[in-house]
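2 protein chains.
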Amino acid sequence: MQISSRFTIAIHIFSCMETFGKEYKITSDFLASSINVNPVIIRKILSQLKNAGLIEVARGTGGTTAARPIDQITFYDVYLAVDLLEEGELFHFHDNPNPNCPVGRNIHAVLDDKLEHIQEAMENEMKRYTIADVAKDIQRCLKAPE
Amino acid sequence: MQISSRFTIAIHIFSCMETFGKEYKITSDFLASSINVNPVIIRKILSQLKNAGLIEVARGTGGTTAARPIDQITFYDVYLAVDLLEEGELFHFHDNPNPNCPVGRNIHAVLDDKLEHIQEAMENEMKRYTIADVAKDIQRCLKAPE
DNA sequence: TTTAATGTAATGTCAACTATTACATTAAAA
DNA sequence: TTTTAATGTAATAGTTGACATTACATTAAA
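Each protein sequence line maps, in turn, to chains S and A.
Heads up, the first sequence is in our numbering, so the first residue is 21 and it goes up one at a time.
Heads up, the second sequence is in our numbering, so the first residue is 21 and it goes up one at a time.
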């Protein structure tokens, strides 16, 4: 199972906002064209980012801006916002191990902390990257000779 | 999107092999009863573990054993074996960013190494745990007073 | 030859992802 | 005030993967 493309799309959205925000109004159609997915998908993700307090979206007139400085928006913030986990658990544990079996009775207690450590390792690495890092690298690409 | 329960089931399987292997023959029915899923699901996972060279399965007579010392079988080995990733990629990147857009043209190049680092952080943590760690903790639970 | 396994094909249900159409709502601008 | 160009969201659909289940051919030991 892969992590949904909503995550990379969300990063792409922020990158467009940063790169084009001064020149263009950032609408769902504009974004859909750069990202190449349906505008309704974009609006859904924008809605999630808004609910997470990461962006502001103007109704009626349209347009989107970051709700705080982009060097304070980490990959982890975005990851949480687009709602990729059920109950915050990266691993889907099989639901009903047999309580009458010594292993079935204890497997959860024994595994849980290890799985948490793994999830944390991933989340901590996600916290190390910000939208600003991406925007900066995009700028560098644009300035570099083809 | 969560990581499939095939992973925790596989760990459970190894735990049963280690805990009960000397006393019982470890069949798919035996495992299915401890794990509480259909025996065919177990056989599918056993087949994946076998293909990855982690276990040996006896046809006809039945029974399963680890193919090498369990302190040399890491969570990462199991994770790879149960085939959770497409092309080894944890993140599903949106497929067709617009090549005519400066951001769309560069987003992949800019993001890929960051996503790899995140994936690696998770995988490295997975390599730190072995089946032996789990088996040992199960033993401790069994000895402890209720 | 019997028996108790594994291996696997076929089928089904369900949930999530992504796409798409349609339209009510909004707020600025004309 | 009307027009216009957005957003918000419901409804529907196709596709895929997870997991469940039945059925049965194959295997190898007893």
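We treat Cβ as the ideally placed atom computed from N, Cα and C, and that holds for glycine.
Keep in mind that this is a model prediction, so the values were computed, not measured.
Span separating the alpha-carbon of residue i from that of residue j
| i | j | result |
| --- | --- | --- |
| S/C36 | A/E136 | 22 Å |
| S/V77 | S/K70 | 7 Å |
| S/K134 | S/R88 | 34 Å |
| A/E107 | A/A164 | 43 Å |
| S/K156 | A/H128 | 14 Å |
| A/I138 | S/K147 | 10 Å |
| A/A52 | S/Y99 | 35 Å |
| A/V57 | S/N56 | 41 Å |
| S/G41 | S/D49 | 14 Å |
Buried or exposed by the 16-neighbour rule on C-beta atoms within 10 Å, applied to residue i
| i | result |
| --- | --- |
| S/G80 | exposed |
| S/Y149 | buried |
| A/D115 | exposed |
| S/S67 | exposed |
Residue i, DSSP secondary structure in three states
| i | result |
| --- | --- |
| S/E109 | strand |
| S/A86 | strand |
| S/T94 | strand |
| A/V57 | coil |
| S/I75 | strand |
| A/I23 | strand |
| A/T47 | coil |
| S/T150 | strand |
Beta-carbon spacing of residue i, residue j below 8 Å
| i | j | result |
| --- | --- | --- |
| S/I90 | S/T84 | no |
| S/T94 | A/F111 | no |
| S/P122 | A/L162 | yes |
| S/T47 | S/G82 | yes |
| S/I65 | S/V102 | yes |
| A/I31 | A/V154 | yes |
For residue j and residue i, believed in contact at Cβ under 8 Å, the rounded distance
| i | j | result |
| --- | --- | --- |
| S/N144 | A/I158 | The Cβ separation is near 28 Å, so there is no contact. |
| A/F34 | A/A86 | 7 Å |
| A/F113 | S/S25 | 6 Å |
| A/A141 | S/M142 | 6 Å |
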